[in-house]
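Just below is one structure, and these are the notes that go with it.
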Amino acid sequence: MLVHNQIFGAPLAGITDKPFRRLIRTFSPKAPLYTEMISCHSLVGAHKNCLRNFDRYDDEGNIGAQIFGADAKLMADAARILQDSGASWIDINMGCPVPKVATRSGAGANLMRDHRLAEKIMKAVVGAVQIPVSIKTRLGWDDSHRDWADLIGIAADCGVSFAALHGRTRAQLYTGNAQLPEITKNIKIPVIGNGDIKNINDIKKVINLGYSGVMIGRGLLGRPWLLGELEGICKAPTNIGTVALKHFEYMLEYYGEKNATQMFRKHAAWYSAGIPNSAEFRITVNQISGAKELKEEICKFWGCEEGI
Numbered sequence: 342m343l344v345h346n347q348i349f350g351a352p353l354a355g356i357t358d359k360p361f362r363r364l365i366r367t368f369s370p371k372a373p374l375y376t377e378m379i380s381c382h383s384l385v386g387a388h389k390n391c392l393r394n395f396d397r398y399d400d401e402g403n404i405g406a407q408i409f410g411a412d413a414k415l416m417a418d419a420a421r422i423l424q425d426s427g428a429s430w431i432d433i434n435m436g437c438p439v440p441k442v443a444t445r446s447g448a449g450a451n452l453m454r455d456h457r458l459a460e461k462i463m464k465a466v467v468g469a470v471q472i473p474v475s476i477k478t479r480l481g482w483d484d485s486h487r488d489w490a491d492l493i494g495i496a497a498d499c500g501v502s503f504a505a506l507h508g509r510t511r512a513q514l515y516t517g518n519a520q521l522p523e524i525t526k527n528i529k530i531p532v533i534g535n536g537d538i539k540n541i542n543d544i545k546k547v548i549n550l551g552y553s554g555v556m557i558g559r560g561l562l563g564r565p566w567l568l569g570e571l572e573g574i575c576k577a578p579t580n581i582g583t584v585a586l587k588h589f590e591y592m593l594e595y596y597g598e599k600n601a602t603q604m605f606r607k608h609a610a611w612y613s614a615g616i617p618n619s620a621e622f623r624i625t626v627n628q629i630s631g632a633k634e635l636k637e638e639i640c641k642f643w644g645c646e647e648g649i
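In the working numbering, the protein residues as written are 342 to 649.
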């Protein structure tokens, strides 16, 4: 797969589910996107309470399925399942900083400080599938251990096709400004820059540092058209309400009314950010439990019509 000069949509837990990716595709048909991170234990065990365990990706275009875990065999098994489900490539999460993943499970960002386990997992996953494998990582565990280049070097030796680098340490979580280092000729595989990238100027700065592409994460919140806008193939919609309605319809199809209505509240807040009277809108939305009422409130706030 190509990674040079591409703009990726980042994996965002609780955000980049199938309905949100479907919406992004209406604005950016070809951008490489990631799934939410998927637990190898949950996927291999086919846990029924997690819908993403049963997603198919054949109709999603260029989609990378991201897995996390600390068991090399389970990670390999999970990669095979996702390959058979139509994923374009497999991504290994080596950067998630939350304690549930990075400390209690020994996965995610913990692999930045256990290179031997990371190498074992990468070799197992690369050997298990015929599609490309990538990793997503951070600068290091903390300021005293910024060993991202060593980890990416190991990845290259394991047959990993490319890496994405988030410009913060695990200790920073998501605070402070992301600071991406320069990519030198010693790095053997393409590296995608991630962290606080929101516009064309940000992209140019990252590419000038030697990165092969960029990855947009939180900039997508409430702006699913952003990838297409940055690619120059679409403009921001004139009425955000019509986009919000479409997103909600996709979520209703996927999750059902009860769960979709509850889950859409956070998206409604992001869509309305910065708009006059948005605080009142969010308060109202957070008290709604029915799909019909939520649609009516969206139409009222944005002055759109349901069904557009």
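Think of the CB as a built atom: it goes at the ideal place given N, C-alpha and C, for glycine as much as any other residue.
An exposed status is given to residue 637, since fewer than 16 other beta-carbon atoms sit within 10 Å of its beta-carbon.
Taking all protein chains shown into account, residue 628 has fewer than 16 neighbouring C-beta atoms within 10 Å of its C-beta and is therefore exposed. Comparing alpha-carbon positions, the option among 473, 366, 527 and 450 lying closest to residue 400 turns out to be 366. Secondary structure note for residue 506: its beta strand (DSSP E) is the uninterrupted segment 503 to 507. Note on geometry: alpha-carbon atoms of residue 485 and residue 644 lie some 52 Å from one another.
Taken atom to atom, the span from the alpha-carbon of residue 477 to that of residue 626 is near 35 Å.
In the three-state DSSP reduction, residue 470 falls in the coil class, being neither helix nor strand. Between residue 408 and residue 379, the CB-CB gap stays under 8 Å. Distance from the CA of residue 371 to the CA of residue 621, rounded to the nearest whole angstrom, comes to 37 Å.
Below 8 Å, too few C-beta pairs join the stretch 598 to 614 and the stretch 381 to 389 to call them touching: fewer than three.
Leaving aside the five residues that flank residue 585 on each side, the residues in its chain whose CB is nearer than 8 Å to its CB run, in chain order, 608, 609, 612, 639 and 643. Within a 10 Å sphere around the beta-carbon of residue 616 sit fewer than 16 other beta-carbons, which makes this residue exposed. Note on residue 374: 16 or more other CB atoms within 10 angstroms of its CB, so buried under the neighbour-count rule.
Excluding residues up to 5 positions away in sequence, 605 lie with their Cβ nearer than 6 Å to the Cβ of residue 589 in the same chain. Taken through DSSP and simplified to helix, strand or coil, residue 607 comes out as helix. Cα atoms of residue 460 and residue 369: separation of roughly 34 Å, rounded to the nearest angstrom.
Here the alpha carbons of residue 507 and residue 534 stand approximately 6 Å from one another. In the same chain as residue 614, and ignoring 5 residues on each side of it, the C-beta atoms closer than 7 Å to its own belong to 563, in chain order.
In chain order, 350, 374, 376, 401 and 404 place their CB closer than 8 Å to the CB of residue 362, counting only its own chain and leaving out the 5 sequence neighbours on each side. Sequence-distant Cβ neighbours of residue 480 in its own chain, meaning closer than 6 Å and more than five residues away, are 487, 489 and 510. Here residue 426 carries a coil assignment [DSSP, helix/strand/coil]. Judged by DSSP in its simplified three-state form, residue 475 adopts strand. Pairing residue 439 with residue 446, the inter-Cα distance amounts to about 10 Å.
In this structure, DSSP gives residue 459 a helical state, which the three-state scheme calls helix. Taking 8 Å as the cut-off, the Cβ atoms of residue 418 and residue 359 do not count as close.
Counting of Cβ neighbours within 10 angstroms places residue 577 among the exposed residues, the total staying below 16.
Here residue 553 is buried. Its C-beta has 16 or more other C-beta atoms within 10 Å. The beta carbons of residue 449 and residue 463 sit no closer together than 8 Å. Between residue 364 and residue 565 the beta-carbon gap is near 5 Å, inside 8 Å, which marks them as a contact.
Going by DSSP, residue 642 is part of the alpha helix (DSSP H) stretching over 632 to 643. Contact between residue 568 and residue 557 is confirmed by a C-beta separation of about 6 Å, below the 8 Å threshold.
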